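In this note's numbering, the protein residues as written are 17 to 145. Idealized CB from N, CA, C, for every residue including glycine. Note that the structure is predicted; figures quoted are calculated from it, not measured.
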Amino acid sequence: MASMTSPGRDHTCADRGQATVELALAMPLLCLLLLGVVEIAVVVRDQLVAIEAARTGVRAAAVSADPASAATAAVQRAIGQPASVSTSISDGYVTVTVVITNHTDVPLIGLLMPDVELRGDATMILEPP
């Protein structure tokens, strides 16, 4: 009677559990890769927050009698985290710059990546108060 196994493959006791061992060896690298992707997503999100905070600040500054304090207050309300806010006025335009420091908090990746400074700028024409 013919054997029921595939002709090119003999299943011996030595092959049993091979896939489990390979998965156990590859899993730490896959987890590290996944954590890296998560950290990149967090940095991109914080960059978008910095840009949107600058837009919010410049909108408030453009219609205020005191553009610098209006921009700072609007940015702090918008992001709720520490940020550096600078306001400059030139030729009837106000520019607000927001700088956020992103601390890499994701486990293991935080040890490999330094903190990142993210910057958002926005400019608008000054409106009469």
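Cutoff 6 Å; reference residue 71; Cβ partners in own chain excluding five residues on either side: 138
Proximity winner among 39, 52 and 34, relative to residue 124 (alpha-carbon distances): 52
Residue 142 beta carbon less than 8 Å from that of residue 78: yes
Candidates 131, 35 and 114: closest to residue 68 by CA position: 114
Coil, strand or helix - residue 93 by DSSP: helix
Nearest to residue 76 (by Cα), restricted to the options 66, 64, 89 and 65: 89
Nearest neighbour of residue 56, chosen from 128, 35 and 102 [CA to CA]: 128
Member of 34, 73 and 83 whose CA lies at the smallest distance from the CA of residue 106: 83
DSSP-derived helix/strand/coil call for residue 120: coil
Environment of residue 54 [buried if 16+ CB atoms lie within 10 Å]: exposed
Simplified DSSP state of residue 133, which is helix, strand or coil: strand
Separation of residue 63 from residue 74, as counted between CA atoms: 17 Å
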